[in-house]
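Read the structure below first, then the notes.
Residue numbers (the working numbering), protein chains in the order written: chain A, 187 to 441; chain B, 187 to 441.
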């Protein structure tokens, strides 16, 4: 199988670096093809802006969403964006690995999402009508693929527990797991989270590595998080706004 | 009073640009001093890395957290970071305004948080002992100040409602409101959210502007979200890990 590891940590000589190397070796040893997008090494451009397409008329008003659509449809996205989309199409499974900074992903990884998740690729996909509001949440370009987060956190596990002061880890990761992974179609596996990373010694690292290895071995057999699909009857779509649907050629436009 | 508006949208000729201009005028007309950090105009460096301090020994292993502490304590942070911290100290209220991209803030604003929220400034503040795990969640450097999100979303309000397919807006914003704003001490006001931004005409814009104006007028009287304070008895701190506390000189280190 094909596995894409999208990795966001600035220091290779870190716990994250060691876990990345371990993951690549473990997956290759099991016979899988692995590609790594090491965002810091790639000096990934984090900031979405008007330079993300190659054919903008000078001085035109920049609309992040409509520009993305035009560039995706017309093949005028910058090469870095198109390359990452190609890797996503190639992959059977995608692992996002990052340290939890301020309860979400580092900016460089958010910028990978902002720029690679183009209109027509990750959103604005499929029919938008009174009964079907797009192919999203379990459907879409990336349907049939699996995704998993590998996250390191400095804080203590109980602080991320059901009554923890930080909030439960599942709640904190909901915008990523549901909004960034399930939305364009991924089946989302439970996250692999390492806590208290500043206190991990050799024994602790061996335990983390073994646990991660088991998760990687089970990438194709682990039960995904049972998020509800949008178009399977659980939601009223488009809910209260049916009257506007025929004009809605621009369903997810951002302001 | 002093108000800092941190603003993240790439196009001034947008709904966001119009709301930013309106906010500045409204606040100034009420007699407040206003500073704007317009991150796109500032070409804010979004990516936290080893270049964020000016005194790193070449070749040394980069630790995001320990480097941040050394630079903050020693006065060797880059000037852009120190300037934003100064603005936060100056402010009585902070407004973060941004379009909701993939259910959270754009990368450029996340990178403002990642870099400006230094160790010793926004975390790693206060005593860390068996009974007091830092000044955070309602205490800390920014205690006594107020903060509010102004967010624009392309999707429909019901999709962000209690049973909406995207998840409730309060849940989506929890990592920001609780984890990024309440953590370093802010009192967090309910967010001002504009939905379906692609469909707003002149009449709709006037209504949004008026509603935002009322929220800005009430910046000092609106009741904050009643998040629980960490050190007020609702949480067991440090919960199960008291045995490790005396060695924990590095409470929030990231991996």
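Positions of the beta carbon are idealized from the N, C-alpha and C atoms, including for glycine. Since we're looking at a predicted model, the values are computed, not measured.
Would you identify the three-state DSSP class for residue 284 (chain B), choosing helix, strand or coil?
For the purposes of this step, residue 284 (chain B) is taken as the residue at position 98 of the second chain. Strand at residue 284 (chain B).
Open item on the list: Between residue 311 (chain A) and chain B, is the shortest Cβ-Cβ distance under 8 Å, so that the two count as touching?
Closed with: The count along the first chain starts at 1 and reaches residue 311 (chain A) at position 125. Chain B, which has no Cβ nearer than 8 Å to the Cβ of residue 311 (chain A), makes this no.
Residue-level contact to chain A via CB, residue 251 (chain B), 8 Å cutoff:
Stepping through the second chain from its first residue, residue 251 (chain B) is reached at position 65. With 8 Å as the cut-off, residue 251 (chain B) counts as an interface residue toward chain A.
**Asked** With respect to the alpha helix (DSSP H) encompassing residue 271 (chain A), which residues constitute its N-terminal and C-terminal limits?
**Response** One-based indexing of the first chain puts residue 271 (chain A) at position 85. Residues 265 to 276.
Residue 234 (chain B) by DSSP, collapsed to three states: which one? Here the question's residue 234 (chain B) lines up with position 48 in the second chain. Coil at residue 234 (chain B), not helix or strand.
Going by DSSP, which residues form a beta bridge with residue 378 (chain B)?
Walking along the second chain from the start, residue 378 (chain B) turns up at place 192. Beta-bridge pairing links residue 378 (chain B) to B:336.
Cα-Cα separation, residue 301 (chain B) to residue 419 (chain A): Position 115 of the second chain, counted from the first residue, corresponds to residue 301 (chain B). Position 233 of the first chain, counted from the first residue, corresponds to residue 419 (chain A). Going from the Cα of residue 301 (chain B) to the Cα of residue 419 (chain A) covers about 43 Å.
Against chain A, which members of the stretch 387 to 421 of chain B pass a CB distance test of less than 7 Å? 416, 421
Exposed or buried, what is residue 227 (chain A) when buried is set at 16 or more other beta-carbons lying within 10 Å of its beta-carbon? Taking the first chain and counting its residues from 1, one reaches residue 227 (chain A) at position 41. Looking at its Cβ environment, which holds fewer than 16 other Cβ atoms inside 10 Å, residue 227 (chain A) is exposed.
### Query
Under three-state DSSP, which class holds residue 311 (chain A)?
Indexing the first chain from 1 puts residue 311 (chain A) at position 125. Residue state, collapsed to three classes: coil.
Any beta carbon from chain A within less than 8 Å of residue 248 (chain B)'s own beta carbon? Translated into the one-based positions of the second chain, residue 248 (chain B) becomes position 62. Judged by the 8 Å Cβ criterion, residue 248 (chain B) is in contact with chain A.
request  = Determine which residues of the stretch 340 to 370 of chain B have a Cβ less than 9 Å from any Cβ of chain A, and write them out in chain order.
outcome  = 340, 341, 342, 343, 344, 345, 347, 349, 350, 351, 352, 353, 357, 358, 359, 360, 361, 362, 364, 365, 366, 369
* Asked: Can you tell me whether residue 409 (chain B) is buried or exposed, with buried defined as 16 or more other CB within 10 angstroms of its CB?
  -> Start at 1 with the first residue of the second chain, and residue 409 (chain B) comes out as number 223. It is exposed - the Cβ of residue 409 (chain B) has fewer than 16 other Cβ atoms within 10 Å.
query: Distance, Cα to Cα, residue 236 (chain B) vs residue 197 (chain A)?
result: Taking the second chain and counting its residues from 1, one reaches residue 236 (chain B) at position 50. Taking the first chain and counting its residues from 1, one reaches residue 197 (chain A) at position 11. If you draw a straight line from the Cα of residue 236 (chain B) to the Cα of residue 197 (chain A), it is about 9 Å long.
When you compare each of B:201, B:316, B:207 to residue 250 (chain A) by their alpha carbons, which one comes out closest? Reading the first chain from its first residue, position 64 is the one you call residue 250 (chain A). Among B:201, B:316, B:207, the Cα nearest to that of residue 250 (chain A) is on B:201.
Within chain A, the residues that residue 297 (chain B) reaches when beta carbons sit closer than 9 Å:
The sequence position of residue 297 (chain B) within the second chain is 111, counting from 1. Correct list: 232, 233, 292, 293, 294, 296, 297.
Mapping the DSSP letters down to three states, classify residue 190 (chain B) as helix, strand or coil. Position 4 of the second chain, counting from 1, holds the residue named residue 190 (chain B). DSSP places residue 190 (chain B) in strand when its eight states are reduced to three.
Same chain, Cβ closer than 7 Å to residue 383 (chain B), neighbours up to 5 away in sequence not counted:
By one-based count along the second chain, residue 383 (chain B) stands at place 197. If we look at residue 383 (chain B) and ignore the five residues flanking it on each side, its Cβ neighbours are 201, 338, 339, 340.
Less than 8 Å between the CB atoms is what I'm expecting for residue 331 (chain B) and residue 280 (chain B), so what's the real figure, rounded? For this step, residue 331 (chain B) is matched to residue 145 along the second chain. For this step, residue 280 (chain B) is matched to residue 94 along the second chain. Confirmed, about 6 Å.
Starting from the C-beta of residue 304 (chain A), find all residues in its chain whose C-beta is less than 8 Å away, skip the five residues before and the five after it, and write them out in chain order.
-> Working through the first chain from its first residue, we reach residue 304 (chain A) at position 118. 254, 255, 257, 258, 263, 267, 271.
Let me check one thing: in DSSP terms, what residues is residue 305 (chain A) bridge-paired to?
Residue 305 (chain A) sits at position 119 when you count from the first residue of the first chain. A:309, per the DSSP bridge assignment.
- Query: Under the DSSP definition of a beta bridge, which residues are partnered with residue 219 (chain A)?
  - Reply: Reading the first chain from its first residue, position 33 is the one you call residue 219 (chain A). Looking at the DSSP assignment, residue 219 (chain A) forms a beta bridge with A:188.
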